[in-house]
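Structure first, then comments.
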Amino acid sequence: MVAKCEENHKVPVWEQEMSAGCAVMAMQMAAIAQGFNGIWRSGALTESAIVREAFECRPQDKIVGFLYLGTPQLKASTTISTPDPTPFVRYF
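Everything in the sequence shown is counted per UniProt numbering, starting at 1 for the first residue and increasing by one.
Now the structure itself:
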């Protein structure tokens, strides 16, 4: 997924990048709803000059990640444990 950012747009660049990230998440959730599964990866390839050239990225564009989709080999467990939120939540 590439955020094709415009510097002088009414939407700030950081929001344009976040919107691309939200689009990846929505595509992954849609795939999961259809019985597929996937993984979203970022890392060094998002900054690779070769990859940027292959995707025809301009200097201001940002590769936000790669969404790999496929058919899961194992069925996901439907049993979900509920962790104790106390270490993570503070009420005020």
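We treat Cβ as the ideally placed atom computed from N, Cα and C, and that holds for glycine. Nothing here was measured: the structure is a model prediction, and the numbers come from that model.
Residue i - containing alpha helix (DSSP H), residue span
{"i": "residue 21", "result": "13-33"}
{"i": "residue 50", "result": "49-54"}
For residue j and residue i, the rounded distance between their alpha carbons
{"i": "residue 4", "j": "residue 57", "result": "8 Å"}
{"i": "residue 72", "j": "residue 83", "result": "26 Å"}
{"i": "residue 85", "j": "residue 92", "result": "15 Å"}
Anticipated Cβ contact below 8 Å, residue i with residue j, distance rounded
{"i": "residue 67", "j": "residue 34", "result": "Contact doesn't hold; Cβ gap of about 14 Å is too wide."}
{"i": "residue 43", "j": "residue 69", "result": "That pair is no contact at about 18 Å."}
Own chain, CB closer than 7 Å to residue i, minus 5 neighbours either side, in chain order
{"i": "residue 7", "result": "13 and 60"}
Neighbourhood of residue i by C-beta distance below 6 Å, restricted to the same chain and skipping five residues each side
{"i": "residue 20", "result": "1, 3 and 64"}
{"i": "residue 16", "result": "3 and 5"}
{"i": "residue 49", "result": "none"}
Neighbourhood of residue i by C-beta, 8 Å cutoff - its chain only, sequence neighbours within 5 removed
{"i": "residue 18", "result": "none"}
Span of the beta strand (DSSP E) around residue i
{"i": "residue 41", "result": "37-41"}
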